[in-house]
Ligand SMILES: [Zn+2]
């Protein structure tokens, strides 16, 4: 028998047969992942009946019983903790450029004037300019790290710290509400 329900993201009307309840699918309208809900009329565990969506975006779905990130579904009952971890940006090479640039300029001033100085100045500007741009472009990478009985996994990565924090907060809220 077909069961009708709505996409949790965009409200698109869909239907599914009972063998698909609780499985993952992608909305044909908005292309976002979701879990086909159990209809209230069928027998189901009490937890599922009260499943609530806490947070959702294009990649992430957090409900009071599960977590879907990209293609992976995590059952909340298996998650022991969740936190933000940081991988600092690699700025070593940018530092070297900014240090070497002035040295070349200094070398060209000490050795000779004229053409050598102009060349040294150009190299200086290019190296220091590249070093500064590199500094600006390099950003820390933040992860949603999920600990479960099978170990710790970096479930989601972003350079946007507030986005990662938002997802971590939602998962924490889901864990609290699940228990
Ligand atoms: Zn949709």
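In my numbering, the protein residues as written are 1128 to 1306. Heads up, the beta-carbon is just placed ideally off N, CA and C, and yes, glycines get one too.
In angstroms with no decimal places, state the Cα-to-Cα distance between residue i and residue j.
| i | j | result |
| --- | --- | --- |
| residue 1350 | residue 1273 | No answer is possible for residue 1350: it lies beyond the span of the chain, which begins at 1128 and ends at 1306. |
| residue 1233 | residue 1225 | 13 Å |
| residue 1245 | residue 1267 | 37 Å |
| residue 1237 | residue 1215 | 38 Å |
| residue 1294 | residue 1219 | 30 Å |
| residue 1171 | residue 1132 | Because the pLDDT at residue 1171 is just 49, under 50, the model does not fix this residue reliably, and the value given afterwards should be weighed accordingly. Residue 1171 and residue 1132: Cα-Cα distance of roughly 16 Å. |
| residue 1285 | residue 1212 | 11 Å |
| residue 1194 | residue 1261 | 36 Å |
| residue 1290 | residue 1298 | 13 Å |
| residue 1143 | residue 1151 | 12 Å |
| residue 1269 | residue 1252 | 32 Å |
| residue 1256 | residue 1198 | 41 Å |
By Cβ distance below 6 Å, which residues in the same chain neighbour residue i in space, the five residues on each side in sequence not counted?
| i | result |
| --- | --- |
| residue 1191 | 1178, 1179, 1301, 1304, 1305 |
| residue 1235 | 1243, 1244, 1247 |
| residue 1139 | 1154, 1156 |
Of the residues the options, which one's Cα is nearest the Cα of residue i?
| i | options | result |
| --- | --- | --- |
| residue 1280 | 1200, 1293, 1166, 1235 | 1200 |
| residue 1203 | 1216, 1228, 1189, 1130 | 1189 |
| residue 1258 | 1185, 1238, 1229, 1207 | 1229 |
| residue 1296 | 1227, 1263, 1210, 1264 | 1210 |
| residue 1292 | 1278, 1271, 1276 | 1271 |
Keeping to the same chain, check which residues put their C-beta closer than 7 Å to that of residue i; ignore five residues upstream and five downstream.
| i | result |
| --- | --- |
| residue 1135 | 1161, 1180, 1183 |
| residue 1265 | 1216, 1217, 1218, 1221 |
| residue 1173 | Residue placement at residue 1173 is flagged as unreliable, the pLDDT there being 49, under the threshold of 50; the coordinate-derived value follows with that caveat. The answer is none, since no qualifying residue turns up. |
| residue 1196 | 1186, 1187, 1282, 1283 |
| residue 1205 | 1275, 1276 |
For residue i, collect the residues of the same chain with a Cβ closer than 8 Å to its Cβ; drop the 5 residues on either side in sequence, then sort them by chain order.
| i | result |
| --- | --- |
| residue 1254 | 1224, 1225, 1227, 1228, 1231 |
Look at residue i and residue j and say whether their C-beta atoms are less than 8 Å apart.
| i | j | result |
| --- | --- | --- |
| residue 1153 | residue 1283 | no |
| residue 1207 | residue 1275 | yes |
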